[in-house]
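Okay, so the sequence shown: first residue is 1 according to UniProt numbering, each after it adds one.
Ideal Cβ positions, reconstructed from N, Cα and C, are used throughout, including at glycine.
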Amino acid sequence: MSPPRKPLQRKSDVLELLRSETTAWLATGDTDGPHLVPLLFHYNGEVLTFATFANSRTVTNVAATARARAAIGQHYDVVMIDGSMEIIEPDAIDPAIADPFASLLRGGPDPRHTPGFVYLQLTPTRVQAWRSFAELRGRTLMNSGRWLV
């Protein structure tokens, strides 16, 4: 087993994964229980932006709780991000976020021009990362919206 990474290296690895990865598992919940879906995302250095159908269970849950969790990576190199979630109408999204997001769709429908879509923005409040059992201790790198390292 490899020795655990130093906290600064873990943070650097998290930021690199957020810049390079495009798919996350987004978890929301309500009184009926949890809901989990894979969605494309774009990270601009502050928030993770997703898009989905306005009438989806994900959006319904976010409207009720304004909370979500995103999981990115593999079981052997995972990043878990908890945060507050905001629903943004397509006509209100910043083009500096919407343009790079649209490029992820590889010719698919741009949410700004597709009826029934909305954007979701996750603002991280807690970030955890680990690659092995040895890294479970100290896995929290951000808490209450502030990096700990």
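- In the DSSP assignment, T22 falls outside any beta strand (DSSP E) and carries neither an H nor an E.
- A straight line joining the alpha-carbon of G145 with that of L18 spans about 16 Å.
- Note that the stretch 7 to 17 touches the stretch 120 to 131; at least 3 beta-carbon pairs, one per stretch, sit closer than 8 Å.
- Counting along the chain, I97 sits inside the alpha helix (DSSP H) bounded by residues 95 to 104.
- Collapsing the DSSP output to three states places N61 in a helix.
- Counting of Cβ neighbours within 10 angstroms places L122 among the buried residues, the total reaching 16 or more.
- Contact between A51 and Y119 holds, with the beta-carbon distance rounding to 5 Å and staying under 8 Å.
- Taken through DSSP and simplified to helix, strand or coil, H42 comes out as strand.
- In this structure Y43 is buried. Its beta-carbon is surrounded by 16 or more other beta-carbon atoms within 10 angstroms.
- Short of 8 Å from the beta carbon of P3, and not among the five residues preceding or following it, lie these beta carbons of its own chain, in chain order: A134.
- Comparing C-alpha distances from G83 to each of R5, M142, L148, K6 shows the shortest one belongs to M142.
- In chain order, T22, L40, H42 place their CB closer than 7 Å to the CB of L104, counting only its own chain and leaving out the 5 sequence neighbours on each side.
- If you draw a straight line from the Cα of E86 to the Cα of I72, it is about 19 Å long.
- Of M80, V79, D110, the smallest CA-CA separation from I93 is found for D110.
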